[in-house]
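Numbering (our numbering), first residue to last: 1 to 59.
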């Protein structure tokens, strides 16, 4: 894959680990998230739900 691959935003939105996406895109995590952070808008709800689910496992 080349730097700036258009597959990065869907992979990030699918929950793929940013370190894996960055490696496949030929970027650092810092560059990847700086470039594609705008595509993650609206993911806070998903993240909050996942965190709440994990926390319930430890109750």
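Positions of the beta carbon are idealized from the N, C-alpha and C atoms, including for glycine. Keep in mind the model is a prediction, meaning the values are calculated, not measured.
Determine the DSSP secondary structure at residue i, reduced to helix, strand or coil.
i: residue 40; result: helix
i: residue 28; result: coil
i: residue 55; result: helix
i: residue 16; result: coil
i: residue 7; result: coil
Going by C-alpha distance, which of the options is nearest residue i?
i: residue 48; options: 30, 31, 36 and 15; result: 15
i: residue 34; options: 52, 22, 54 and 53; result: 22
i: residue 32; options: 44, 43 and 19; result: 19
If I'm right that residue i touches residue j with Cβ under 8 Å, what's the distance once you round it to whole angstroms?
i: residue 40; j: residue 12; result: 6 Å
i: residue 36; j: residue 10; result: With 8 Å as the limit, residue 36 and residue 10 do not qualify as a contact, their Cβ atoms being about 10 Å apart.
Check whether chain D comes within 7 Å of residue i, counting only Cβ atoms and requiring the distance to be less than that.
i: residue 52; result: In the displayed structure, chain D is absent; only one protein chain is listed.
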